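Worksheet: one structure, shown below.
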Amino acid sequence: MTNAWNDRYYRAMTNASTTAVLNYLIPTGERPIYIASQGGADAALRIGAEFEEKRVTITDARALTPPASLDVQGFELVEHHTQVSDFYQLSDVQDQYEAEIVALVLSATGARDALVFDHTLRSDSPDVRGQRSTRETASVIHNDYTDASARQRLIDLVGEKIAEPRLQRRYAIINVWRSIRGIVFNS
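The number in my numbering is simply the position in the sequence shown, starting from 1, with 357 added.
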């Protein structure tokens, strides 16, 4: 995509809202079971649960005044330029990229420490998924962690001895999401 196309698209979307059909979990009393895909052309969402479609209005967050913040809306848009030129070859520069993400999160949150984990590349194109072994896009409204699973994830990452004192303080799991090929648009 060219920068000119991105500029035209951004101008058209600024202050815009649209409606879309989103999939929400239907509470049934049963615990939903999510099975992560392995990536590739046939990667597909698999959740043992029922969903209902709801039409909702979506507003371009870039047009919010005041801007969205982690403390109020639970997300924040931050302009961030990376030195990574090819995310499909991330292993070659993973330490450098993780240092960038740590600096970004510390700056955005005022936190004292940050730990980077799980790099997931996603695409809605079966061709891209097949060529790059990426995973499918998320197609349902979801939350990645519960209080219990966030606690367990920290223990899994750093071990119980290191996790215990951290769990006595305020902590957060923050998803850092970026497009690796221009503006994401799904019509």
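Backbone N, C-alpha and C define an ideal beta-carbon position, used for all residues, glycine too.
Just so it is clear, the structure is predicted and the values come from calculations on it, not from any experiment.
Between the CA atoms of residue j and residue i - distance to the nearest angstrom
| i | j | result |
| --- | --- | --- |
| Gln525 | Arg469 | 15 Å |
| Arg538 | Tyr381 | 28 Å |
| Tyr445 | Thr422 | 35 Å |
| Arg527 | Asp484 | 42 Å |
| Val441 | Glu387 | 42 Å |
| Ile512 | Lys518 | 8 Å |
| Tyr454 | Phe474 | 12 Å |
| Asp504 | Ile458 | 23 Å |
| Ala406 | Tyr391 | 9 Å |
| Pro551 | Ile404 | Here the chain has residues from 358 to 544 only, and residue 551 is not among them. |
| Leu427 | His499 | 17 Å |
Endpoints, the beta strand (DSSP E) within which residue i is located
| i | result |
| --- | --- |
| Val485 | Careful: Val485 lies outside any beta strand (DSSP E), inside the alpha helix (DSSP H) at Pro483 to Arg489. |
| Glu633 | Outside the displayed range of the chain (358 to 544) lies residue 633, so it cannot be described from this structure. |
| Ile390 | Ile390 to Ile392 |
| Ile404 | Arg403 to Gly405 |
Supposed contact pair residue j and residue i - C-beta distance, whole angstroms, cut 8 Å
| i | j | result |
| --- | --- | --- |
| Gly431 | Thr491 | Actually they do not touch by this definition, with Cβ atoms about 26 Å apart. |
| Ala400 | Arg486 | 5 Å |
| Val533 | Val462 | 7 Å |
Endpoints, the alpha helix (DSSP H) within which residue i is located
| i | result |
| --- | --- |
| Val459 | Gln451 to Thr466 |
| Leu379 | Careful: Leu379 lies outside any alpha helix (DSSP H), inside the beta strand (DSSP E) at Ser374 to Leu382. |
| Arg545 | Outside the displayed span of the chain (358 to 544) sits residue 545, for which this structure offers no information. |
| Ala505 | Asp504 to Val515 |
Residue nearest to residue i in terms of C-alpha spacing, selected from the options
| i | options | result |
| --- | --- | --- |
| Ile540 | Ala406, Ala393 and Arg419 | Arg419 |
| Asp452 | His476, Glu521 and Ser464 | His476 |
| Ser394 | Ala406, Ala456, Arg479 and Glu409 | Arg479 |
| Arg605 | Ala507, Arg403, Glu457 and Ala406 | The requested residue 605 does not occur in the structure, where the chain is confined to residues 358 to 544. |
| Ala460 | Ser448, Glu409, Glu433 and His437 | His437 |
| Gln509 | Glu521, His499, Ile498 and Asn500 | Glu521 |
Specify whether the segment 376 to 383 and the segment 408 to 420 touch according to this definition: at least 3 beta carbon pairs, one from each stretch, less than 8 Å apart. Yes, they touch.
Given 8 Å as the limit, is there contact between the segment 382 to 391 and the segment 454 to 468, that is, 3 or more CB pairs closer than that? no
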